[in-house]
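Protein chains in written order, with full-length UniProt numbering: chain L, 1 to 200; chain R, 1 to 200. Cβ coordinates follow ideal geometry from the N, Cα and C atoms, glycine included. Given the structure is predicted, the values throughout are model-derived calculations rather than measurements.
Number of protein chains: 2
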Amino acid sequence: MNLNYPNGKKYRPKEVSIGTRGKNNKNSSYSNRGMTLEDDLNETNQFYRERKIAVIHKKPTPVQIVQVDYPTRSAAVIKEAYFKLASTTDYNGVYKGRYIDFEAKETQNATSFPLKNFHQHQIEHMEEVLDQGGICFVILRFTKFEKVYLLEAQHLLKFWERMRNGGRKSITKEEIEQKGHYIPLGFQPRIDYIKIIDQL
Amino acid sequence: MNLNYPNGKKYRPKEVSIGTRGKNNKNSSYSNRGMTLEDDLNETNQFYRERKIAVIHKKPTPVQIVQVDYPTRSAAVIKEAYFKLASTTDYNGVYKGRYIDFEAKETQNATSFPLKNFHQHQIEHMEEVLDQGGICFVILRFTKFEKVYLLEAQHLLKFWERMRNGGRKSITKEEIEQKGHYIPLGFQPRIDYIKIIDQL
Numbered sequence: 001m002n003l004n005y006p007n008g009k010k011y012r013p014k015e016v017s018i019g020t021r022g023k024n025n026k027n028s029s030y031s032n033r034g035m036t037l038e039d040d041l042n043e044t045n046q047f048y049r050e051r052k053i054a055v056i057h058k059k060p061t062p063v064q065i066v067q068v069d070y071p072t073r074s075a076a077v078i079k080e081a082y083f084k085l086a087s088t089t090d091y092n093g094v095y096k097g098r099y100i101d102f103e104a105k106e107t108q109n110a111t112s113f114p115l116k117n118f119h120q121h122q123i124e125h126m127e128e129v130l131d132q133g134g135i136c137f138v139i140l141r142f143t144k145f146e147k148v149y150l151l152e153a154q155h156l157l158k159f160w161e162r163m164r165n166g167g168r169k170s171i172t173k174e175e176i177e178q179k180g181h182y183i184p185l186g187f188q189p190r191i192d193y194i195k196i197i198d199q200l
Numbered sequence: 001m002n003l004n005y006p007n008g009k010k011y012r013p014k015e016v017s018i019g020t021r022g023k024n025n026k027n028s029s030y031s032n033r034g035m036t037l038e039d040d041l042n043e044t045n046q047f048y049r050e051r052k053i054a055v056i057h058k059k060p061t062p063v064q065i066v067q068v069d070y071p072t073r074s075a076a077v078i079k080e081a082y083f084k085l086a087s088t089t090d091y092n093g094v095y096k097g098r099y100i101d102f103e104a105k106e107t108q109n110a111t112s113f114p115l116k117n118f119h120q121h122q123i124e125h126m127e128e129v130l131d132q133g134g135i136c137f138v139i140l141r142f143t144k145f146e147k148v149y150l151l152e153a154q155h156l157l158k159f160w161e162r163m164r165n166g167g168r169k170s171i172t173k174e175e176i177e178q179k180g181h182y183i184p185l186g187f188q189p190r191i192d193y194i195k196i197i198d199q200l
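Laid out in structure tokens, this is it:
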């Protein structure tokens, strides 16, 4: 089975990813086993919660449910459903009373980050969060180099605007290095983005 | 089709509820047409977002996806999936930079609110949010009287603790009236819970 979400993201059943990759990694020495950005962030968020550093969760994948079977009183089976475009970002939560909101994306591209990884609804959501005084950013990973950056939403919005005005459809790696914050990969937590937030 | 979620909540396809009830209500005079608490809160949150008062969203229903068909390159169809128990509350977002987090439940019961409407994971999540300085509460509706209350999570946690120590499995209506905050139903917004938060 090799499926893609409408957004081009690979579909991986959760049970598999958590059972055979996330858990194994926990009690073994540090090395990258081809974990996705989502795996790394889930582990990071779990670490933050366990240490009472922050409470951040990934939102469930939005699904449009069309048909549900009810073979027994206790078991509902969804027989037809479709992936929906998210109207917000994937991650949010609380850090020291403050609202935290972010989206995480990775690219195979070596020299730039394609803006098609985001969609208009998410950009509008980020604007609304900033208006409301929330802390909003994106976490971008270049999978080829295993390099992860935090880019504040303010900057992403400017690059989006540039594209809408006919400019380039991506952010160059240099621009991300300049405007963003490099997050060195760690063992626990894997992607310590809260440390960057403390510096903002 | 008369289905129930594992938690006993009635299953209602989203398109139907939004298309034939939510929208009609908007441009007509105020009266209750048997809208669910979720409908009312969705309208309220939309009102808050449009007026830039707050950015609060309901999280998607968590679904465990087991089988996906991919008949064409662009259309993925989920053929088998199951409802999962939520690990957090249903609603969260940002108000003036502060993190807001709540769960909403309704009961047909006239004299008390059964605690079985919540589950252990949600209670633990509320504790974590309070620890982290977030604003956390539940919105409770007695459908028989159309009465809606905001009860701060601190109080819910005490009632939960009482139950775990062998005490009653519900919160009496009197207790909710005493510890909670009555939210009079309005036209726009329907359930003005932000007004209560301002008073806390």
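At a beta-carbon threshold of 7 Å, none of the residues of chain L lie near Gln120 of chain R; the nearest stands roughly 15 Å away. For Ala153 of chain L, the enclosing alpha helix (DSSP H) begins and ends at Ala153 to Arg164. The three-state reading of DSSP puts Thr172 of chain L in strand, counting E and B together. Thr172 of chain L counts as exposed, since fewer than 16 other C-beta atoms from the protein chains shown sit within 10 angstroms of its C-beta.
At a cut-off of 8 Å between beta carbons, Pro62 of chain L contacts chain R. Chain R has no Cβ within less than 8 Å of the Cβ of Ile176 of chain L. Note: Val68 of chain L is bridge-paired with L:Ile78 in the DSSP secondary-structure output.
For Val129 of chain L, the nearest CB of chain R lies under 8 Å from its own CB, placing it at the interface with that chain. Asp198 of chain L and Ala153 of chain L have their alpha carbons spaced roughly 16 Å apart. Exclusion of the five residues before and after Gln132 of chain R leaves no residue of its chain whose Cβ lies closer than 7 Å to its Cβ. Residue burial is scored here from C-beta neighbours: Pro71 of chain R has fewer than 16 other C-beta atoms within 10 angstroms and is therefore classed as exposed.
Inter-segment contact for the region 92 to 111 of chain L and the region 81 to 99 of chain R is present: three or more beta-carbon pairs are separated by less than 8 Å. Under the DSSP assignment, Leu200 of chain R falls outside any alpha helix (DSSP H); it carries neither an H nor an E label. Considering only L:Ser74, L:Ala54, L:Asp69 and L:Ile65, the residue with the shortest C-alpha distance to Ala76 of chain R is L:Ile65. As DSSP reads the structure, Phe47 of chain L sits in no beta bridge. For Leu41 of chain L and Leu37 of chain R, the gap between their C-alpha atoms comes out near 33 Å. Non-local beta-carbon contacts of Lys179 of chain R in its own chain, meaning distances under 7 Å to residues more than five positions away in sequence, involve Leu151 and His155 in chain order. For the options L:His57, L:Gln108 and L:Pro62, the alpha carbon positioned closest to that of Phe145 of chain L is the one of L:Gln108. In the structure shown, His121 of chain L falls within a helical segment according to DSSP collapsed to helix, strand and coil. Under the three-state reduction of DSSP, Asn109 of chain L is assigned to coil, being neither helix nor strand.
With 16 or more other Cβ atoms inside 10 Å of its own Cβ, Pro189 of chain R counts as buried. Ile53 of chain R and Glu106 of chain R have their C-alpha atoms roughly 25 Å apart. Contact between Lys58 of chain L and Asp90 of chain L is confirmed by a C-beta separation of about 6 Å, below the 8 Å threshold. Where Phe137 of chain R is concerned, the enclosing beta strand (DSSP E) starts and stops at Ile135 to Phe142. The continuous stretches of beta strand (DSSP E) do not include Lys59 of chain R, and DSSP gives it neither H nor E. Here the C-alpha atom of Tyr182 of chain R lies approximately 46 Å from the C-alpha atom of Tyr149 of chain L.
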